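S.K.:
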Amino acid sequence: MLKGKHIILGITGSIAAYKAAMLCRLLKCAGCEVRVVMTPMAKQFITPLTMATLSRNPILVDFFDPENGAWNSHVSLGEWADCYLIAPATANTLAKMATGVADNLLLTTYLSARCPVAIAPAMDLDMYAHTTTQHNLAALRSTGVAVIEPGEGELASGLTGKGRMAEPEQIVAEVERLLGEKKKSLSGRRFLVTAGATMEPIDPVRYITNHSSGKMGYAIAGELARRGAEVTLLSGRTALPTPDGVEKVETLSAADMYTAATKRWSESDGAVMCAAVADYTPARTAATKIKKGDGDMSILLRRTEDIAATLGRDKGGRLLAGFALETDNELANAEAKLAKKNLDFIVLNSMRDSGACFRGDTNKVSIIDRDGRTDHPLMTKREVAALIVDRIESCLNR
Ligand code: C5P
5 MLKGKHIILG
15 ITGSIAAYKA
25 AMLCRLLKCA
35 GCEVRVVMTP
45 MAKQFITPLT
55 MATLSRNPIL
65 VDFFDPENGA
75 WNSHVSLGEW
85 ADCYLIAPAT
95 ANTLAKMATG
105 VADNLLLTTY
115 LSARCPVAIA
125 PAMDLDMYAH
135 TTTQHNLAAL
145 RSTGVAVIEP
155 GEGELASGLT
165 GKGRMAEPEQ
175 IVAEVERLLG
185 EKKKSLSGRR
195 FLVTAGATME
205 PIDPVRYITN
215 HSSGKMGYAI
225 AGELARRGAE
235 VTLLSGRTAL
245 PTPDGVEKVE
255 TLSAADMYTA
265 ATKRWSESDG
275 AVMCAAVADY
285 TPARTAATKI
295 KKGDGDMSIL
305 LRRTEDIAAT
315 LGRDKGGRLL
325 AGFALETDNE
335 LANAEAKLAK
345 KNLDFIVLNS
355 MRDSGACFRG
365 DTNKVSIIDR
375 DGRTDHPLMT
385 KREVAALIVD
395 RIESCLNR
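Take any residue in the sequence shown, count from 1 to its spot, add 4: that is its number in the numbering used here.
1. Can you say whether residue 287 is buried or exposed, counting buried as having 16 or more other CB atoms within 10 angstroms of its CB?
2. Name the two residues that bound the continuous alpha helix (DSSP H) containing residue 45.
3. Cβ atoms of residue 6 and residue 27: under 9 Å apart, would you say?
4. Quick one: grab the DSSP three-state call for residue 296.
5. Buried or exposed: where does residue 402 fall if 16 or more other Cβ atoms within 10 Å of its Cβ makes it buried?
6. Considering only DSSP beta bridges, list what residue 379 is partnered with.
7. Name the residue from 13, 309 and 294 whose alpha carbon lies nearest to the alpha carbon of residue 280.
8. On a Cα-Cα basis, can you pick out the residue from 258, 197 and 201 that is closest to residue 236?
9. Are there 16 or more other CB atoms within 10 angstroms of the CB of residue 248, so buried, or fewer, so exposed?
10. State the beta-bridge partners of residue 236 as determined by DSSP.
11. How about residue 94 and residue 65: do their beta carbons lie closer than 9 Å?
12. Can you determine whether any heavy atom of the ligand C5P sits closer than 8 Å to the C-beta of residue 204, and answer yes or no?
13. Work out the CA separation of residue 375 and residue 391 for me, nearest whole Å.
14. By how many angstroms is the C-alpha of residue 384 removed from the C-alpha of residue 24?
15. Between 217, 268, 261 and 271, which lies nearest to residue 245 when the distance is taken from Cα to Cα?
16. Contact between the region 178-193 and the region 260-268: three or more CB pairs below 8 Å?
17. Under DSSP, the alpha helix (DSSP H) around residue 154 begins and ends at which residues?
18. By how many angstroms is the C-alpha of residue 260 removed from the C-alpha of residue 389?
19. Can you round the beta-carbon distance between residue 12 and residue 89 to whole angstroms, since I take them to be within the 8 Å contact cut?
20. Any Cβ of chain C within less than 9 Å of the Cβ of residue 86?
21. Counting only runs that start and end within the region 102-189, where is the beta strand (DSSP E) found for 3 or more residues in a row?
22. Would a C-beta distance cut-off of 9 Å place residue 274 and residue 386 closer than the cut-off?
23. Short of 6 Å in beta carbon distance, which residues of its chain neighbour residue 55, apart from the five on each side in sequence? Order them along the chain.
24. Hey, could you find the ends of the beta strand (DSSP E) residue 286 is sitting in?
25. Are residue 59 and residue 83 closer than 9 Å when you measure CB to CB?
26. I want to know whether the region 204-220 touches the region 293-306 - three or more CB-CB distances under 8 Å.
27. On the criterion of 16 or more Cβ atoms from any shown chain inside 10 Å, does residue 69 qualify as buried, or is it exposed?
28. Using 10 angstroms around the beta-carbon of residue 149, count the other beta-carbons present and answer buried if the total reaches 16, otherwise exposed.
29. Which term fits residue 33, buried or exposed, when burial requires 16 or more other beta carbons within 10 angstroms of its beta carbon?
30. Beta carbon of residue 67, beta carbon of residue 15: below 9 Å?
31. Residue 257: buried (16+ other C-beta within 10 angstroms of its C-beta) or exposed?
32. Less than 8 Å between the CB atoms is what I'm expecting for residue 335 and residue 353, so what's the real figure, rounded?
33. Following the continuous alpha helix (DSSP H) through residue 290, name the residue where it begins and the one where it ends.
34. Just curious, the beta strand (DSSP E) that residue 306 is in, first and last residue?
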């Protein structure tokens, strides 16, 4: 499987760099061609001579050779590779990767690489558990980087915990899996996603709506499609472009969205209900513009159908996820909705968290299922979408 594959092995400045020698040897024995890129700090941990001898290629550290000015092209290196494996990946390097910093050859090569990228983090347990590191890993995962989880055990610092670089054999197996992955993880699966605000018409000019931008639902639809799913996005009012590979159906009112969702439910494997659906709609829509009079006026509102609860009643073996946007009693309200709508999990956002909810590009969520609650830090909506789709995948694979 790995025979003839071109692997760039990136090594950063961690004590686990000593394992890169074994890793390189295993890749060579499996028939790979290996080019090694090291950060300047990595050279303090393992010698270029060791890595050059094992890879049978000169190692690369600098943008150019100071002796003769020969250029080490990160672009052609990125084009040459079938896989870019960074092992060990320090907290510093993965933070730079997550933010696009390109101050060494290993990082410029990462930005130029068109091939699958895998990283094997290695660091002290507290650095690994730190919210910033976890945030950076989530950001990298959301862009498709495969993160080879570190193991637990004794660390070079003398402490014990999670942070040891995965063993070379395990890393090679992961590279093999990555290169052999013909099918995307959700190919063959069909999903419905509802997103955006509904518009409930009062007359031909006025309507009732809410502040939802649709960004969270659109990000989830895009992430499902990137992982190979067939996605139908039932969209309320938004100004967003349709994500690549997604079929969008405009469903402006709660009633339209209800009809479209229930019609497609039987042929779906799952649904993510992100739309901010109006709970009430005018009992009657005036055919012509309502003229103002001198006094007050009132509009009779009728309850709309709860789309999520309707799908939940007819769930069978399908997956159903919903959202709860709360201003108070967040957890209790979310748990009640999880049960009432028969959801597999519910994503809670609180209006009390700054940077979460409407319009913005970030969100801070807790994911709640029948086994408990996981709180996540503030992330971009794209990162939150990746987390939610990870959760969907683990529910489907249960
Ligand atoms: O009960 P509440 O409106 O807070 O529940 C929110 C969840 O239910 C969201 O997932 C939302 O998309 C969904 N919902 C729905 N149809 C409605 C109301 C809410 O699908 N009419």
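We put the beta carbon where it would ideally sit given N, CA and C, even for glycine.
Because the structure is a prediction, the values reported are computed rather than measured.
M.R.: Answer, in terms of the structure:
1. By the 10 Å Cβ count, residue 287 comes out exposed.
2. Note, residue 45: premise wrong, no alpha helix (DSSP H); not H, not E.
3. Result no, Cβ atoms of residue 27 and residue 6 do not sit closer than 9 Å.
4. Coil.
5. Answer is exposed; the Cβ neighbour count stays below 16.
6. Residue pairing for residue 379: DSSP places it in a beta bridge opposite 370.
7. Of 13, 309 and 294, the residue nearest in Cα terms is 309.
8. Comparing Cα positions, the closest option is 197.
9. Result: exposed.
10. For residue 236, the beta-bridge partners assigned by DSSP are 196 and 251.
11. No. Outside cutoff.
12. No - the ligand C5P has no heavy atom lying nearer than 8 Å to the Cβ of residue 204.
13. Their backbone Cα atoms lie some 17 Å apart in a straight line.
14. A straight-line Cα-Cα distance of about 33 Å links residue 24 and residue 384.
15. When each option's Cα is compared against that of residue 245, the closest is 217.
16. The count of Cβ pairs closer than 8 Å, one atom from the region 178-193 and one from the region 260-268, stays below three, leaving the stretches out of contact.
17. Premise fails: residue 154 is in no alpha helix (DSSP H) and is neither H nor E.
18. The alpha-carbon separation between residue 389 and residue 260 amounts to approximately 25 Å.
19. Confirmed, about 7 Å.
20. Considering every chain present, this structure includes no chain C. It has just one protein chain.
21. At a cut-off of 3 residues, the continuous stretches assigned as beta strand (DSSP E) that sit fully inside the region 102-189 are 121-125, 155-158 and 164-168.
22. Taking 9 Å as the Cβ cut-off, residue 274 and residue 386 do not qualify as a contacting pair.
23. Contacts found: 40 and 63.
24. According to the DSSP assignment, residue 286 belongs to the beta strand (DSSP E) that extends over 284-286.
25. Contact: no.
26. Below 8 Å, enough C-beta pairs join the region 204-220 and the region 293-306 to call them touching: three or more.
27. Classification of residue 69: exposed, given that the 10 Å Cβ count is below 16.
28. When all chains shown are included, residue 149 counts as buried.
29. Residue environment for residue 33: exposed (fewer than 16 other C-beta atoms within 10 angstroms of its C-beta).
30. For the pair residue 67 and residue 15, the CB atoms are not nearer than the 9 Å cut-off.
31. Flag for residue 257 reads buried.
32. So it is not a contact: roughly 12 Å between Cβ atoms.
33. Note, residue 290: premise wrong, no alpha helix (DSSP H); not H, not E.
34. Residue 306: member of the beta strand (DSSP E) spanning 305-307, first to last residue.
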